[in-house]
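Notes follow the structure.
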Amino acid sequence: MKEYLPAACFTAGALYFLMQWCEKKGKVFRVLVTGFTDWHEVEGDIFKCEKNPSGRVVIGGKLDEMLREKGKGVEWHFLRLPVVWGTAKVIDYAAYDVVINIGLNSGAADDIITLEDGAFNGRRGADAVGHAISEPLDHHGCASLSIPALSSIVRSLHNTKVAPFSIATTAHRPSNSYICNETHWNTLSAVQQGHIAAGYFVHIPDVKVSDLSSALCTLILTLVAKSKPLQ
(Lines of atoms letter the chains of each structure in order from A and count residues from 1; the text may use other names and numbers.)
(Lines give C-alpha, C1' and ligand atoms only; values in the text may rest on other atoms or scores of the structure.)
Protein backbone atom coordinates (compact mmCIF):
# COMPACT_ATOMS: atom_id res chain seq x y z
CA MET A 1 0.00 0.00 0.00
CA LYS A 2 1.29 3.44 -0.90
CA GLU A 3 1.88 5.97 1.84
CA TYR A 4 0.28 9.32 1.02
CA LEU A 5 2.30 12.45 1.72
CA PRO A 6 0.16 14.67 3.97
CA ALA A 7 0.78 17.96 2.20
CA ALA A 8 -1.58 19.98 4.34
CA CYS A 9 0.06 19.03 7.64
CA PHE A 10 3.61 17.73 7.17
CA THR A 11 4.92 20.29 4.71
CA ALA A 12 3.15 23.22 6.32
CA GLY A 13 4.37 22.26 9.80
CA ALA A 14 7.92 21.51 8.71
CA LEU A 15 8.12 24.71 6.70
CA TYR A 16 6.92 26.67 9.71
CA PHE A 17 9.86 25.40 11.77
CA LEU A 18 12.17 25.97 8.82
CA MET A 19 11.11 29.60 8.66
CA GLN A 20 11.51 29.93 12.43
CA TRP A 21 15.03 28.56 12.11
CA CYS A 22 15.84 30.98 9.28
CA GLU A 23 14.50 33.89 11.31
CA LYS A 24 16.72 32.99 14.23
CA LYS A 25 19.70 32.72 11.90
CA GLY A 26 18.80 36.07 10.36
CA LYS A 27 18.80 34.69 6.83
CA VAL A 28 16.48 34.18 3.90
CA PHE A 29 16.05 30.60 2.70
CA ARG A 30 16.47 30.59 -1.09
CA VAL A 31 15.34 27.76 -3.35
CA LEU A 32 15.88 27.43 -7.10
CA VAL A 33 13.59 25.19 -9.16
CA THR A 34 14.64 24.46 -12.74
CA GLY A 35 13.10 22.76 -15.75
CA PHE A 36 14.21 22.19 -19.33
CA THR A 37 13.23 23.60 -22.70
CA ASP A 38 12.52 21.53 -25.82
CA TRP A 39 15.25 19.37 -27.35
CA HIS A 40 13.57 18.35 -30.63
CA GLU A 41 12.58 20.66 -33.49
CA VAL A 42 13.96 23.74 -31.75
CA GLU A 43 14.50 25.47 -35.11
CA GLY A 44 17.57 27.31 -33.87
CA ASP A 45 15.86 28.53 -30.69
CA ILE A 46 17.24 26.57 -27.74
CA PHE A 47 14.90 28.45 -25.37
CA LYS A 48 11.78 27.24 -27.18
CA CYS A 49 9.49 25.48 -24.72
CA GLU A 50 6.31 24.19 -26.27
CA LYS A 51 6.50 20.45 -25.62
CA ASN A 52 8.70 19.80 -22.59
CA PRO A 53 6.45 19.69 -19.51
CA SER A 54 9.39 20.18 -17.14
CA GLY A 55 10.03 23.67 -18.50
CA ARG A 56 6.37 24.50 -18.91
CA VAL A 57 5.42 23.49 -15.38
CA VAL A 58 8.26 25.52 -13.82
CA ILE A 59 7.32 28.75 -15.60
CA GLY A 60 3.75 29.37 -16.70
CA GLY A 61 2.29 26.18 -15.27
CA LYS A 62 1.09 27.53 -11.91
CA LEU A 63 3.74 25.63 -9.95
CA ASP A 64 5.51 28.91 -9.20
CA GLU A 65 2.29 30.46 -7.93
CA MET A 66 1.52 27.44 -5.75
CA LEU A 67 4.97 27.34 -4.18
CA ARG A 68 4.93 31.05 -3.39
CA GLU A 69 1.48 30.69 -1.83
CA LYS A 70 2.08 27.50 0.19
CA GLY A 71 5.78 28.03 0.86
CA LYS A 72 5.64 31.55 2.21
CA GLY A 73 8.85 32.62 3.87
CA VAL A 74 10.96 30.88 1.24
CA GLU A 75 12.47 33.01 -1.50
CA TRP A 76 11.58 31.04 -4.63
CA HIS A 77 13.45 31.28 -7.92
CA PHE A 78 12.60 29.57 -11.22
CA LEU A 79 14.71 28.93 -14.30
CA ARG A 80 14.40 27.14 -17.63
CA LEU A 81 17.57 25.47 -18.86
CA PRO A 82 18.22 24.82 -22.56
CA VAL A 83 18.97 21.20 -23.45
CA VAL A 84 22.64 21.72 -24.31
CA TRP A 85 25.74 20.20 -22.76
CA GLY A 86 27.03 22.29 -19.86
CA THR A 87 23.68 24.02 -19.35
CA ALA A 88 23.97 23.90 -15.54
CA LYS A 89 27.00 26.19 -15.67
CA VAL A 90 24.60 29.16 -15.73
CA ILE A 91 23.43 28.31 -12.19
CA ASP A 92 25.04 30.39 -9.47
CA TYR A 93 24.82 27.73 -6.79
CA ALA A 94 26.23 30.01 -4.11
CA ALA A 95 23.10 32.16 -4.40
CA TYR A 96 20.79 29.38 -3.13
CA ASP A 97 20.32 27.01 -0.23
CA VAL A 98 18.51 24.26 -2.15
CA VAL A 99 18.36 23.53 -5.90
CA ILE A 100 15.69 21.22 -7.31
CA ASN A 101 15.98 20.27 -10.96
CA ILE A 102 13.03 18.83 -12.87
CA GLY A 103 13.41 16.88 -16.11
CA LEU A 104 11.27 14.78 -18.42
CA ASN A 105 11.39 10.98 -18.36
CA SER A 106 9.62 10.33 -21.62
CA GLY A 107 9.66 6.57 -21.11
CA ALA A 108 8.09 6.58 -17.65
CA ALA A 109 4.60 5.42 -16.78
CA ASP A 110 2.12 8.27 -16.62
CA ASP A 111 1.61 7.87 -12.87
CA ILE A 112 5.28 7.73 -11.76
CA ILE A 113 7.46 10.61 -10.55
CA THR A 114 11.07 9.56 -10.00
CA LEU A 115 13.62 10.95 -7.56
CA GLU A 116 17.19 10.34 -8.65
CA ASP A 117 19.50 8.85 -6.03
CA GLY A 118 22.97 9.96 -7.08
CA ALA A 119 24.40 10.70 -10.53
CA PHE A 120 26.37 8.57 -12.98
CA ASN A 121 29.87 9.67 -14.04
CA GLY A 122 29.22 9.89 -17.74
CA ARG A 123 27.54 11.94 -20.44
CA ARG A 124 26.46 10.66 -23.83
CA GLY A 125 24.31 11.77 -26.74
CA ALA A 126 23.58 14.76 -28.94
CA ASP A 127 22.05 17.89 -27.44
CA ALA A 128 19.45 20.23 -28.92
CA VAL A 129 21.98 21.84 -31.27
CA GLY A 130 23.41 18.52 -32.42
CA HIS A 131 26.57 18.56 -30.32
CA ALA A 132 27.33 14.90 -29.62
CA ILE A 133 29.54 13.82 -26.76
CA SER A 134 30.61 10.63 -25.00
CA GLU A 135 32.92 10.91 -22.03
CA PRO A 136 33.09 10.84 -18.21
CA LEU A 137 31.90 13.90 -16.35
CA ASP A 138 34.97 13.63 -14.12
CA HIS A 139 37.91 11.82 -15.71
CA HIS A 140 39.49 11.33 -12.30
CA GLY A 141 36.31 10.66 -10.34
CA CYS A 142 34.43 7.59 -9.18
CA ALA A 143 31.79 5.82 -11.24
CA SER A 144 29.05 7.75 -9.50
CA LEU A 145 28.43 10.65 -7.15
CA SER A 146 26.02 10.61 -4.25
CA ILE A 147 25.56 12.45 -0.97
CA PRO A 148 24.57 10.08 1.87
CA ALA A 149 22.29 12.59 3.61
CA LEU A 150 20.43 13.35 0.37
CA SER A 151 20.21 9.67 -0.54
CA SER A 152 18.57 9.08 2.82
CA ILE A 153 15.99 11.77 2.10
CA VAL A 154 15.06 10.57 -1.38
CA ARG A 155 14.94 6.94 -0.28
CA SER A 156 12.57 7.87 2.55
CA LEU A 157 10.08 9.00 -0.10
CA HIS A 158 10.27 5.82 -2.19
CA ASN A 159 6.92 4.08 -2.59
CA THR A 160 5.00 7.07 -1.22
CA LYS A 161 2.28 8.77 -3.20
CA VAL A 162 1.44 12.35 -4.11
CA ALA A 163 -1.94 11.86 -5.72
CA PRO A 164 -2.33 10.90 -8.47
CA PHE A 165 1.38 9.98 -8.78
CA SER A 166 3.52 7.36 -7.07
CA ILE A 167 7.04 8.37 -6.03
CA ALA A 168 9.89 6.06 -6.98
CA THR A 169 13.58 6.39 -6.17
CA THR A 170 16.08 5.22 -8.78
CA ALA A 171 19.83 4.80 -8.30
CA HIS A 172 22.43 6.28 -10.67
CA ARG A 173 22.90 4.16 -13.80
CA PRO A 174 24.72 4.22 -17.15
CA SER A 175 21.41 4.43 -19.04
CA ASN A 176 20.80 7.81 -17.42
CA SER A 177 23.70 9.75 -18.92
CA TYR A 178 22.04 12.61 -20.77
CA ILE A 179 21.83 16.29 -19.80
CA CYS A 180 19.53 15.58 -16.85
CA ASN A 181 22.25 13.42 -15.30
CA GLU A 182 24.96 15.99 -16.07
CA THR A 183 22.87 18.68 -14.39
CA HIS A 184 22.31 16.50 -11.33
CA TRP A 185 26.03 15.70 -11.17
CA ASN A 186 26.86 19.42 -11.14
CA THR A 187 24.26 20.06 -8.47
CA LEU A 188 25.54 17.27 -6.23
CA SER A 189 29.08 18.57 -6.78
CA ALA A 190 27.88 21.97 -5.54
CA VAL A 191 26.56 20.27 -2.39
CA GLN A 192 29.84 18.40 -1.95
CA GLN A 193 31.76 21.67 -2.28
CA GLY A 194 29.57 23.40 0.29
CA HIS A 195 27.92 25.89 -2.07
CA ILE A 196 24.38 24.65 -1.31
CA ALA A 197 22.85 22.56 1.45
CA ALA A 198 20.89 20.20 -0.77
CA GLY A 199 20.18 19.39 -4.40
CA TYR A 200 17.67 17.03 -6.00
CA PHE A 201 16.60 15.80 -9.41
CA VAL A 202 12.97 14.96 -10.14
CA HIS A 203 12.01 13.08 -13.31
CA ILE A 204 8.40 13.58 -14.41
CA PRO A 205 6.27 11.67 -16.94
CA ASP A 206 5.07 13.21 -20.18
CA VAL A 207 1.62 14.28 -19.00
CA LYS A 208 -0.37 17.50 -18.90
CA VAL A 209 1.21 20.33 -16.93
CA SER A 210 -2.11 20.90 -15.18
CA ASP A 211 -1.87 17.37 -13.74
CA LEU A 212 1.67 17.91 -12.45
CA SER A 213 1.61 21.26 -10.67
CA SER A 214 -0.14 20.28 -7.44
CA ALA A 215 1.81 17.04 -6.97
CA LEU A 216 5.15 18.72 -7.68
CA CYS A 217 4.29 21.52 -5.27
CA THR A 218 3.74 19.00 -2.48
CA LEU A 219 6.89 17.05 -3.33
CA ILE A 220 9.09 20.14 -3.57
CA LEU A 221 7.80 21.55 -0.28
CA THR A 222 8.54 18.18 1.32
CA LEU A 223 12.08 18.08 -0.05
CA VAL A 224 12.75 21.63 1.09
CA ALA A 225 11.39 20.91 4.55
CA LYS A 226 13.47 17.75 4.87
CA SER A 227 16.57 19.71 3.85
CA LYS A 228 16.44 21.96 6.93
CA PRO A 229 18.62 19.71 9.14
CA LEU A 230 21.34 19.79 6.48
CA GLN A 231 21.99 23.48 7.07
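Just so we're aligned, residue 121 is where the sequence shown starts under this note's numbering, counting upward by one. Even glycine gets a Cβ: it sits at the ideal position worked out from N, Cα and C.
- Secondary structure at serine 254: strand, using DSSP grouped into helix, strand and coil.
- By the Cβ-count criterion, arginine 188 is exposed, with fewer than 16 other Cβ atoms from all chains shown falling within 10 Å of its own Cβ.
- Measuring C-alpha to C-alpha distances from glycine 206 to each of Val148, Ile253, Val153 and Ile324 identifies Ile253 as the nearest.
- The Cβ neighbour count for serine 174, taken over all protein chains shown within 10 Å, is at least 16; the residue is labelled buried.
- By DSSP's assignment, valine 153 forms a beta bridge with Phe198 and Ile220.
- Residue state for lysine 281 is assigned as strand, using DSSP reduced to three classes.
- Put simply, of Leu332, Lys328 and Glu185 the residue whose alpha carbon is nearest the alpha carbon of valine 322 is Leu332.
- Taking a contact as a CB-CB distance under 8 Å, the pair glycine 242 and serine 297 counts as one, their CB atoms being some 4 Å apart.
- According to the DSSP assignment, arginine 188 belongs to the alpha helix (DSSP H) that extends over 183-190.
- One thing to note: lysine 168 has its Cβ no nearer than 8 Å to the Cβ of threonine 154.
- When DSSP reads this structure, glutamate 236 sits in a beta bridge with Thr290.
- With a cut-off of 8 Å on Cβ pairs, the segment 331-347 is in contact with the segment 214-230, counting three or more such pairs.
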